[in-house]
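Trainee: If you're matching positions, the sequence shown starts at 237 in this note's numbering and goes up one per residue.
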Amino acid sequence: MAFKLAPATGRKLLSVMLLPVIHFFIAAIFWKASKWTGGNLANIRVIRKHQLDLVDIRAKAEGLADQLAARFGGQHHWRDNNLHYKRSGVDACIACSVEDIVVDIKLGMMMSAVRGIIESEVKSSLDEHLT
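Written out as structure tokens, the structure reads:
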């Protein structure tokens, strides 16, 4: 007498067997994409020159961080001339100097889906406030 699976059990068993294979291929795709981009799959860096003094550029960065915290939550603090902003899925640093401002953003996996939108918003905001 041969052992025979019920049709519903067979489908469930097949899905349980395929799940690790699907996870493996998804992980391989993300790993390969990370290698292609040099590990910067969800990093954003924007650099803008300006003509403001350090006090003014720090005030503008502080205002931007206050707006981000009010709109999206998160917290920010200063370390030297670097403003650090952190919330779930986002870790950012705004480096202020007398000649330029550098915005570095590291996005988590969920936020990396909207990387392009975030990058264009940062660029347009910097262009608007620094000119």
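We put the beta carbon where it would ideally sit given N, CA and C, even for glycine.
(1) Does the Cβ of residue 334 have 16 or more other Cβ atoms within 10 Å, making it buried, or fewer, making it exposed?
(2) Return helix, strand or coil for residue 287, following the three-state DSSP convention.
(3) Let me know the secondary structure DSSP gives residue 358 once reduced to three states.
(4) What three-state label does DSSP hand residue 336 in the structure shown?
(5) Does DSSP put residue 278 in a helix, a strand or coil?
(6) Using only the alpha-carbon positions, how far apart do residue 316 and residue 329 sit?
Mentor: According to the structure data:
(1) Your numbering for residue 334 matches position 98 in the sequence shown. Counting Cβ neighbours within 10 Å, residue 334 comes out exposed, since fewer than 16 surround it.
(2) The count along the sequence shown starts at 1 and reaches residue 287 at position 51. Residue state, collapsed to three classes: coil.
(3) Translated into the one-based positions of the sequence shown, residue 358 becomes position 122. The answer is helix: DSSP assigns residue 358 an H, G or I state.
(4) Here residue 336 refers to the residue found at position 100 when the sequence shown is read from its first residue. In the structure shown, residue 336 sits in a strand (DSSP, three-state: E or B).
(5) Working through the sequence shown from its first residue, we reach residue 278 at position 42. Three-state DSSP puts residue 278 in coil, outside helix and strand.
(6) What you label residue 316 is simply residue 80 of the sequence shown in a count that begins at 1. What you label residue 329 is simply residue 93 of the sequence shown in a count that begins at 1. Between residue 316 and residue 329, the C-alpha separation is close to 12 Å.
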